[in-house]
């Protein structure tokens, strides 16, 4: 079974459309994340949820809205898509371990192309 | 999180040890050193982490200098499947949970 899964794997859409990317983890973790990897390959945190509560919200346009219906799911909805939103979006999850360290497990990514 | 500096690229012969350096001269006492890698078109993968002692697991070894200002990730017997971008990340064990990725080191394992 895949630990962190994302759907869809590829998403091609027109500017101005609204789209969602779904993420599910079956690891029982309590924290989930969305990262964005742009064309220059830099990976940046966008959002983090802990037990369904938003704990990190980086400087991301409010067209991006994460939603966590339960601990195992963190979906990303994007309104009014722009060309600059084209990127690979990675979902990840983690669980605090002894000593306060944790390991993040990443999904396979969703490649979003906005035309 | 403390800033890290890594060489942009390295080559290694298959079967030989790959030693990937990382400088983190501004690391503070409560910050851990983490290593992740990203194989082409895949999500990042955790490798190993440590605080001040050397660490070893089934994937790699992590050597941290006594002053903790630098570290080296060692892949003892590199294979072609180890070709990836390797990221050295320093972060505290409390507070912000997200990872701050730099540009990493692109390791090319040559046959």
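Protein chains in written order, with our numbering: chain A, 2 to 116; chain B, 169 to 279.
Backbone N, C-alpha and C define an ideal beta-carbon position, used for all residues, glycine too.
Below-8 Å beta-carbon distance, residue i vs any chain A residue
{"i": "residue 241(B)", "result": "no"}
Residue i: contacting residues in chain A (beta-carbon distance under 9 Å)
{"i": "residue 275(B)", "result": "By Cβ distance, chain A contributes nothing, its closest Cβ being about 14 Å from residue 275(B), past 9 Å."}
{"i": "residue 214(B)", "result": "104, 105, 106 and 107"}
Counted within 10 angstroms of its Cβ, other Cβ atoms place residue i as buried (16 or more) or exposed
{"i": "residue 206(B)", "result": "buried"}
{"i": "residue 111(A)", "result": "buried"}
{"i": "residue 11(A)", "result": "exposed"}
{"i": "residue 4(A)", "result": "exposed"}
{"i": "residue 95(A)", "result": "buried"}
{"i": "residue 86(A)", "result": "buried"}
{"i": "residue 234(B)", "result": "exposed"}
{"i": "residue 239(B)", "result": "buried"}
{"i": "residue 208(B)", "result": "exposed"}
{"i": "residue 226(B)", "result": "exposed"}
{"i": "residue 47(A)", "result": "buried"}
Within chain B, the residues that residue i reaches when beta carbons sit closer than 7 Å
{"i": "residue 26(A)", "result": "Residues of chain B passing the Cβ test: none, with the nearest at roughly 12 Å."}
{"i": "residue 32(A)", "result": "265"}
Listed by chain order, chain A residues near residue i by CB distance under 7 Å
{"i": "residue 211(B)", "result": "91, 107, 108, 109 and 110"}
Residues that residue i contacts on chain B, provided the C-beta gap is smaller than 8 Å
{"i": "residue 49(A)", "result": "265 and 266"}
{"i": "residue 46(A)", "result": "266, 267 and 268"}
Proximity test, Cβ basis, 8 Å: residue i and chain B
{"i": "residue 65(A)", "result": "no"}
{"i": "residue 84(A)", "result": "no"}
{"i": "residue 95(A)", "result": "yes"}
*Would the region 42-56 of chain A and the region 170-181 of chain B be scored as touching if the rule is three or more Cβ pairs under 8 Å?*
no
*Any chance the region 177-188 of chain B sits against the region 235-254 of chain B, with 3 or more Cβ pairs inside 8 Å?*
yes
*Complete runs of the alpha helix (DSSP H) confined to the region 5-32 of chain A [at least 4 residues]*: none
*Only counting runs of 3 or more residues, tell me where the beta strand (DSSP E) segments fall wholly within the region 221-271 of chain B, in order along the chain.*
229-232, 238-243 and 252-260
*Inspect the CB distances between the region 30-46 of chain A and the region 57-74 of chain A and report whether three or more fall short of 8 Å.*
yes
*Using 8 Å as the Cβ pair cut-off and three pairs as the minimum, do the region 13-30 of chain A and the region 42-49 of chain A touch?*
no
_Contained beta strand (DSSP E) runs [length at least 3] in the region 33-59 of chain A, N- to C-terminal order_ = 44-51 and 54-58
*Looking at C-beta atoms only, is the number of pairs between the region 197-204 of chain B and the region 222-236 of chain B that lie closer than 8 Å three or more?*
yes
*May I ask you to verify whether the region 184-193 of chain B touches the region 254-274 of chain B, counting CB pairs closer than 8 Å and requiring at least 3?*
yes
*If you scan the region 80-114 of chain A from start to end, which runs of the beta strand (DSSP E) of 3 or more residues do you find wholly inside it?*
88-95
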